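Here the protein sequences line up with chains A and B, keeping their order. 138 is the number of the first residue of the first sequence in my numbering; add one for each residue after it. -6 is the number of the first residue of the second sequence in my numbering; add one for each residue after it. The beta-carbon is built from N, C-alpha and C at its ideal position, and this holds for glycine as well. None of these values were measured; they are calculated from a predicted model.
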Amino acid sequence: MADAGFDIDACLDGLRRHDERAATDFVREHYPLVLKIVRSHLPRRAAEEDLCQVVFIKILSNIDQYSGRVPIAHWISRIAVNTCLNALKAESVRPELRWADLSTEQTSLLDQLATNPEDLHPDSAASSRDLVETLLAALKPKDRLLITMLHLEGYSMDDVKQATGWNIATIKVRAFRARQKLKQLFQELNNQGKI
Amino acid sequence: MKNTDSSLDRLLRSAGQCHPPVVEEAPYGFATRAAAAWLAGASPRELPGLETLWFRRSLFCALALMAASIGWSIRADTAAANDDMAIASYATTADLQ
């Protein structure tokens, strides 16, 4: 991720002096990291580029608060995750899940899951992701964040702790409850399909 | 329930295999725009949340004020009615004497 020619200390010095060139370099360097997080937790009605810009303005405005005790990537990740979480919270209306609103691909995927005990074919990954995103949209922001990190992005508990600042016990309890809610939604959706 | 668990696990495993394409660099002009917005002193616009919070607080204060004034007015009315009764009974007593 980090460019070999990029000198983070010099860049941070520049940012503290409000140097535009340093800011541009900083944004270019860390854009992939921020975009990855924003894409994973993007609210339905938000544009990813707008949210990325909000994250960068927040980072640059608070650069004086960066102590240097943790890697800059961790600090950036935490700001990006919290910004996404706030954006998800602002999106207060969560859609109701209905079988009739699912696409043909999604319904056939659910049928396949119900009838075939084997793992899904790798070609179904995109449809699965799409279906999971639909289910996640009906969850609360923190539940959604946790399921995405733990089950879709492959984060460990420590990674989640780094990114969110929550302690491990809280993460475990919240993850369990989030999983239960997701299961309930999945069950309800399947029941609608059987009618 | 066990079937649901298993199906959900398989769905999540499959969804986890789908990774968005890795982005190498920012779109043209993005870094300059973000840096310029920072230097111009733009505050991060997360206003839906902030506006909602302020709106809720204002609404709550307005409701509290309304409830207090309704309560005060009822109390004042009751007090006035009691005074009227006291005056009437004093007048009746005075007449009888």
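Under 8 Å by beta carbon: chain B residues contacting residue i
i: GLU157 (chain A); result: ALA28, ALA29, LEU32
i: PRO208 (chain A); result: Those within 8 Å of PRO208 (chain A) in chain B number zero; the least Cβ separation is about 20 Å.
i: LEU268 (chain A); result: LEU4, ALA8
i: ASP256 (chain A); result: ARG3, ARG6, SER7
i: LEU283 (chain A); result: Neighbours of LEU283 (chain A) on chain B: none; closest Cβ ~12 Å, over 8 Å.
Burial state of residue i (16 or more Cβ within 10 Å)
i: ARG266 (chain A); result: buried
i: PRO20 (chain B); result: exposed
i: ALA8 (chain B); result: buried
i: CYS189 (chain A); result: buried
i: VAL171 (chain A); result: buried
i: LEU250 (chain A); result: buried
i: THR104 (chain A); result: Since the first residue of chain A shown is 138 and the last is 332, residue 104 (chain A) is not available in this structure.
i: ASP201 (chain A); result: exposed
i: ALA160 (chain A); result: buried
i: SER264 (chain A); result: buried
i: ALA217 (chain A); result: buried
i: MET59 (chain B); result: exposed
i: MET78 (chain B); result: exposed
i: LEU287 (chain A); result: buried
i: PRO180 (chain A); result: buried
Contact belief for residue i with residue j at Cβ below 8 Å, rounded distance in angstroms
i: LEU5 (chain B); j: VAL207 (chain A); result: Not confirmed; about 30 Å, so no contact.
i: ARG281 (chain A); j: LEU247 (chain A); result: Incorrect: roughly 20 Å between the Cβ atoms, too far for contact.
i: GLU18 (chain B); j: ARG165 (chain A); result: 7 Å
i: PHE193 (chain A); j: LEU272 (chain A); result: Not a contact, Cβ separation roughly 30 Å.
i: LEU319 (chain A); j: LEU1 (chain B); result: 7 Å
i: ALA275 (chain A); j: LEU234 (chain A); result: 5 Å
i: HIS155 (chain A); j: LEU32 (chain B); result: 6 Å
i: LEU149 (chain A); j: TRP236 (chain A); result: Going by Cβ atoms, the distance from LEU149 (chain A) to TRP236 (chain A) rounds to 52 Å, so no, they are not a contact pair.
i: HIS167 (chain A); j: ILE213 (chain A); result: 6 Å
i: ILE209 (chain A); j: ILE145 (chain A); result: 6 Å
i: ALA28 (chain B); j: GLU255 (chain A); result: Actually they do not touch by this definition, with Cβ atoms about 51 Å apart.
Contacts that residue i makes with chain B (C-beta to C-beta distance below 9 Å)
i: LEU319 (chain A); result: LEU1, LEU5
i: PHE323 (chain A); result: THR(-3), SER0, LEU1, LEU4
i: LEU222 (chain A); result: Ordered by position in chain B, no residue passes the 9 Å Cβ test against LEU222 (chain A), which lies about 10 Å from the chain.
Chain-ordered neighbours of residue i on chain A, where CB pairs are closer than 7 Å
i: GLY9 (chain B); result: HIS288, LEU289, GLY291
i: ASP(-2) (chain B); result: LYS320
i: ALA19 (chain B); result: VAL164, ARG165, TYR168
Neighbouring residues, chain A, relative to residue i (Cβ below 8 Å)
i: PHE23 (chain B); result: VAL164, TYR168, GLU186, CYS189, GLN190
Cβ shell of residue i (< 8 Å), same chain only, five flanking positions each side left out
i: ILE308 (chain A); result: LEU283, MET294, VAL297, LYS298, THR301
i: ASP187 (chain A); result: none
i: GLN243 (chain A); result: SER264, ASP267, LEU268, THR271
i: ARG311 (chain A); result: LYS279, ASP280, LEU283, TRP303
i: LEU289 (chain A); result: SER177, ARG266, VAL269
7 Å Cβ shell around residue i - same chain, five flanking residues per side excluded
i: ILE305 (chain A); result: MET294, LYS298
i: SER261 (chain A); result: LEU246
i: ARG176 (chain A); result: GLU185
i: LEU40 (chain B); result: Here the model assigns LEU40 (chain B) a pLDDT of 49, short of 50, so the residue's position is not dependable, and the following value carries that caveat. Closer than 7 Å at the Cβ level, and outside the excluded window around LEU40 (chain B), lies no residue.
i: HIS211 (chain A); result: GLN299
Residues of its chain near residue i, where Cβ-Cβ distance is below 6 Å and the 5 sequence neighbours each way are ignored
i: ALA315 (chain A); result: ASP280, LEU283, ILE284
i: ALA84 (chain B); result: none
i: PRO278 (chain A); result: LEU222, LEU225, LYS226
i: GLU329 (chain A); result: This sequence places Gln at residue 329 (chain A); Glu is not what is there. Within the same chain, GLN329 (chain A) has close Cβ partners TRP236.
Where residue i meets chain B, residues with beta-carbon distance less than 7 Å
i: THR161 (chain A); result: ALA24, THR25, ALA28
i: SER265 (chain A); result: LEU4, SER7, ALA8, CYS11
i: GLN329 (chain A); result: Near GLN329 (chain A) there are no residues of chain B at all, since even the closest Cβ is about 14 Å away, more than 7 Å.
i: ARG176 (chain A); result: PRO13
i: ALA217 (chain A); result: In chain order: nothing, as chain B lies at least about 12 Å away.
i: PRO259 (chain A); result: GLN10
i: LEU172 (chain A); result: VAL16
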